[in-house]
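Step one of this worksheet: look at the structure below.
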Amino acid sequence: MSLAAMIPMATSLRGGKLPSGVEGEFGPGIKSLVCTLKNVSNITEPKIKEFFENFGIYISSATISRILTKDNEPFHQEKADIFQAGLSSTVYQQIDDTTARVKGQNHYTQVVCNPYYTSYFTGPHKDRLSILDILQGDKARSYYFNEEAFALMKTFRLSKKVFAQLREAAQNKIFTEDLMQKLLASLFPNPGEGKNQRTRIMEASAIAAYHNQTDFPVVEALLSDDAPQYKQITREQGLCWVHDGRHYKKLRPVVPLHQQKLEEFKEQYWNYYRKLLQYKENPTQEKAEKLSTEFDELFSTQTNYQALDDRIAKSKDKKSELLLVLKYPELPLHNNDAELGARAQVRKRDVSLHTMTEEGTKANDTFLTIVQTAKKLGVRAYEYIYDRVSKNFHLPSLSSLIRETTFPGIDCFDPSYQEAPAAPG
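As structure tokens, this is what we get:
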């Protein structure tokens, strides 16, 4: 089928009705192809324009931009549904971040994923509160001063004086953002003081509120690198073995004996890693206890190479995070899935440098989510986008496919489904 044939013909008869999905000058075929070229093939908007002109289809740069960024609310809702279904599909989630540029300013894209989906969120900050906002679906933040919150404040080393004041003024109370700012203003009358303590109070109470809310899935375990913003958010924290192993690669001993000790330990390190992989295939309590004991033995090694011994001790301190797989055998030992998701954003950044508007940034996150999730679920992105743009809705939603994959028996397929027109070539 020629590219021009992908544009449904609008009748010129008075009172004639346009086909479904035809709004303005172009039909769903062209609109879907614009979205696919941009978000699957990473083609720039000027090159998309040049592509169509080679087929005798003249489309302005402004029209291409509008197709990509305007009137995408249905797709934004699909992204939200994908995220909620993804959070419910496994007990753990993986997370990583990468830099982004919005109108020349540095931003950060958080990648949250598991084997069934990948979702993207771009914002100006990557602090703990920003991560919390993402994990609870960007709903209005609240702050809960229960015992969990106060225990976290002790972990965060909040001053005893402020801790006592909070106990008296806020215990067992839930605060909105406005009320929280008033509370903080009463604790720290001087706006220039107590910045770090303000942050820790907000983080502790926001984490407690997140754990106790019931209207959005709460992540039980988070697998990440060792970045501080990911810690304490979930009840369980898993760390990537590959990230931890990279620290050993950074050691550069010059003494031959130290070089030998490093190589010997690295071999033992990855041998132990392979034992964990075998455990995941057939987990038992007996094997878990044995592996825990072996961990203690391995990471108590003394080599008389001080830098290596210090590094081994740091790994030992992370035992609970590195061995979370003994409790959740389905948990990956590495964070490669999130890193691969981040790479998709990096490729877009390499091609297009930055987004220029809030709408463009939001659209970029939404279509990255849909395209990368479709890939994991074995769905052709062009067909899916065409189905939505044409308003046929013959294809099941990606969120329902996630639920069908993780909870078999749900019938989410429409028997009237018809394939979208083939792309040229």
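Under this note's numbering, the first residue of the sequence shown is numbered 1432, with each subsequent residue one higher. Ideal Cβ positions, reconstructed from N, Cα and C, are used throughout, including at glycine. Every value quoted in this text rests on a predicted model; they were computed, and no experiment measured them.
Distances from the CA of Ala-1658 to each of Met-1611, Thr-1529, Gln-1612 and His-1642 were compared; the closest alpha carbon is that of Thr-1529. For Cys-1544, the uninterrupted beta strand (DSSP E) segment begins and ends at 1536-1545. Val-1686 and Leu-1739 have their C-alpha atoms some 13 angstroms from each other. Inside the segment 1584-1648, DSSP marks whole alpha helix (DSSP H) runs of 4 or more residues at positions 1591-1601, 1608-1618 and 1626-1643, from first to last along the chain. Relative to Leu-1753, the option among Val-1782, Arg-1778 and Ser-1723 whose CA is nearest is Ser-1723. Going by beta carbons, Gln-1803 and Ala-1775 fall inside the 8 angstroms limit. Phe-1730 places its beta carbon less than 8 angstroms from that of Ile-1743. Rounded to whole angstroms, the separation of the alpha carbons of Tyr-1548 and Lys-1806 is 9 angstroms.
Note: Leu-1670 is bridge-paired with Ser-1655 in the DSSP secondary-structure output. Listed as beta-bridge partners of Ala-1531 by DSSP are His-1538. DSSP lists no beta-bridge partner residue for Phe-1482.
Here Val-1650 is buried. Its C-beta has 16 or more other C-beta atoms within 10 Å.
Between Leu-1693 and Glu-1770, the alpha-carbon positions lie close to 27 angstroms from each other. Shown here, Phe-1552 sits in a strand according to DSSP, grouped into three states. Counting the other CB atoms within 10 Å of its CB gives Leu-1755 a total of 16 or more, which places it among the buried residues.
Look at Ile-1664 here: in three-state DSSP terms it is coil, with no helix or strand label. Cys-1671 is not a Cβ neighbour of His-1825, given a cutoff of 8 angstroms. In summary, Leu-1688 is exposed, with fewer than 16 beta-carbon neighbours lying within 10 Å of its beta-carbon over all protein chains present. In this structure, the straight-line span from the alpha carbon of Glu-1698 to that of Ala-1601 is close to 53 angstroms. Segment contact: the segment 1530-1549 against the segment 1777-1794, three or more CB-CB distances shorter than 8 angstroms; contact assigned.
Only buried fits Asn-1545, as 16 or more other CB atoms lie within 10 angstroms of its CB.
Annotation for Asn-1767: the continuous alpha helix (DSSP H) segment containing it runs 1767-1783. Sorting Asn-1767, Lys-1706, Glu-1667 and Lys-1779 by C-alpha distance to the C-alpha of Lys-1749 places Glu-1667 at the top. For Tyr-1700, the enclosing alpha helix (DSSP H) covers residues 1687-1712. For Lys-1501, same chain residues with a beta-carbon under 8 angstroms away, outside a window of 5 residues either side, are Glu-1790 in chain order. Taking the CA atoms as reference points, Asp-1527 sits about 23 angstroms from Trp-1701. In this structure, Glu-1509 lies away from Ile-1833, with their beta-carbon atoms at least 8 angstroms apart. Bounds of any alpha helix (DSSP H) do not take in Pro-1760, whose DSSP letter is neither H nor E. Look at the beta carbons and you see the segment 1590-1609 touching the segment 1570-1581: at least three pairs across the two are nearer than 8 angstroms.
In the DSSP assignment, Gln-1524 forms a beta bridge with Leu-1653. Here DSSP, grouped into helix, strand and coil, assigns Phe-1506 to helix.
For Tyr-1574, DSSP records a beta bridge to Phe-1606.
Exposed is the label assigned to Thr-1715, since fewer than 16 other Cβ atoms lie within 10 Å of its Cβ. When DSSP states are grouped into helix, strand and coil, Phe-1730 belongs to the coil group. In this structure, Lys-1758 keeps its C-beta atom at 8 angstroms or more from the C-beta atom of Gln-1660.
Boundaries for Asp-1558: no alpha helix (DSSP H) harbours it, and the DSSP string shows neither H nor E there.
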